[in-house]
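So the sequence shown is numbered by full-length UniProt numbering: it starts at 289 and just counts up by one.
Here the structure comes first, spelled out in structure tokens, and everything after it is commentary.
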Amino acid sequence: MGLGSFEDKQICGKSSERFEHSMNSPMETFQHSGVLKALSEGLNKTEETYLKMANLKPELHAMGSCVLVMLMNGEDVYLMNVGDSRAILALKTGSSNLIPLQLTMDHNVDVEEEVERIRQEHPDDDEAVVKERVKGYLKVTRAFGAGFLKQPRWNDALYDIFRINYVGTSPYISSSPSLYHYKLSPDDKFLVLSSDGLYQYFTNQQVVSEIEWFIASFPDGDPAQHLVEQVLIRAAEKAGLEFHELVEIPSGERRMYHDDVSVIIISLEGRIWRSFSK
């Protein structure tokens with residue numbers, strides 16, 4: 289998508305109405321797109337600097353990251369994401385319980401449009417997406433860094449064991465962000481920013497319901513830490529381990545049982561909770 293544009297098409301129903309409602313004058317649209325353009329340009333400059341560093345240390349071309357950035361200014365929320373970290377909003381409707389509204393789009397091989405884009409850009413490579421991974425390596429279709437999937441020369445700079453079979457010159461993944469503006473309302477209760485490790489074990493609705501229950505039950509507790517602990521409990525159960533057995537495994541070795549999990553919860557009443565597990 290172009291800089292400063294709005295991905296209303298990614299949001300359905302009430303979400304689309306709320307995104308469109310925030311753009312009710314040309315001046316407001318210009319101001320919002322300017323903020324989003326600045327976020328995107330900041331990302332581009334940061335990656336350019338990183339890739340220059342990687343030219344001096346080629347092993348860095350094998351490393352990358354998802355990106356999720358949020359900027360709040362009064363009722364205006366600006367979001368930029370690359371990869372499959374996710375921002376969701378808990379809002380009140382006519383029912384008694386909160387419901388989730390996903391504010392960002394996932395960029396991974398579970399999204400048909402992303403897979404089709406990569407295959408169209410690499411018509412001569414039957415393994416552009418294979419084994420539910422880009423080139424058999426990454427589930428995400430956009431990422432910061434990971435130069436070995438962006439240019440043949442950066443792939444060639446790696447040791448043989450880390451190289452892919454790079455066909456052609458087009459990048460397999462990009463760092464092109466999705467950009468969003470959202471205007472908060474009194475119905476909105478809290479925001480959840482998290483890595484995809486959370487959603488391997490929870491749906492959006494389960495996340496919102498779990499946080500709502502925890503805050504009501506333990507008002508002085510930390511709902512972000514609670515979510516991370518619940519992920520570890522579920523990961524341990526799936527692996528046939530006791531909870532203490534999983535957490536005793538060194539963090540780097542736990543990747544075979546669960547992805548990294550980072551969670552930030554922002555109450556629109558003024559509190560912020562953060563937690564993570566590697």
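No residue lacks a Cβ here, since even glycine has one placed at the ideal position from N, Cα and C.
Asked                                                                                                                                : Found
Pick out whichever of Glu347, Leu479 and Gly371 has its Cα sitting closest to the Cα of Ile449.                                      : Glu347
By a C-beta neighbour count over all protein chains shown, 10 Å radius and 16 as the cutoff for buried, is Phe506 buried or exposed? : exposed
Are the beta-carbon atoms of His469 and Asp364 separated by less than 9 Å?                                                           : yes
Grouping DSSP H, G and I as helix and E and B as strand, with all else coil, what is Phe432?                                         : strand
Can the beta-carbon of His532 be found closer than 9 Å to that of Tyr460?                                                            : no
Look at Ile406 and Thr429 and say whether their C-beta atoms are less than 9 Å apart.                                                : yes
Tell me Leu524's beta-bridge partners as DSSP assigns them.                                                                          : The residue you asked about is not Leu; residue 524 is Ala in the sequence shown. Ala524 pairs with nothing; no bridge assigned.
CB-CB under 6 Å to Tyr489, same chain, minus the five flanking residues each way: which ones, in chain order?                        : Val519 and Arg522
Just tell me which of Ala350, Leu426, Val551 and Val417 has its CA closest to the CA of Ser373.                                      : Val551
Since residue 569 sits in a beta bridge, which residues does DSSP pair it with?                                                      : The structure shown has nothing for residue 569, since the chain only spans 289 to 566.
Looking at the structure shown, is Gly352 part of a helix, part of a strand, or coil, going by DSSP?                                 : strand
So, Pro465 versus Asn369, is the Cβ gap smaller than 9 Å?                                                                            : yes
Which residue spans inside the segment 449-526 form an unbroken alpha helix (DSSP H) run of at least 4?                              : 492-505
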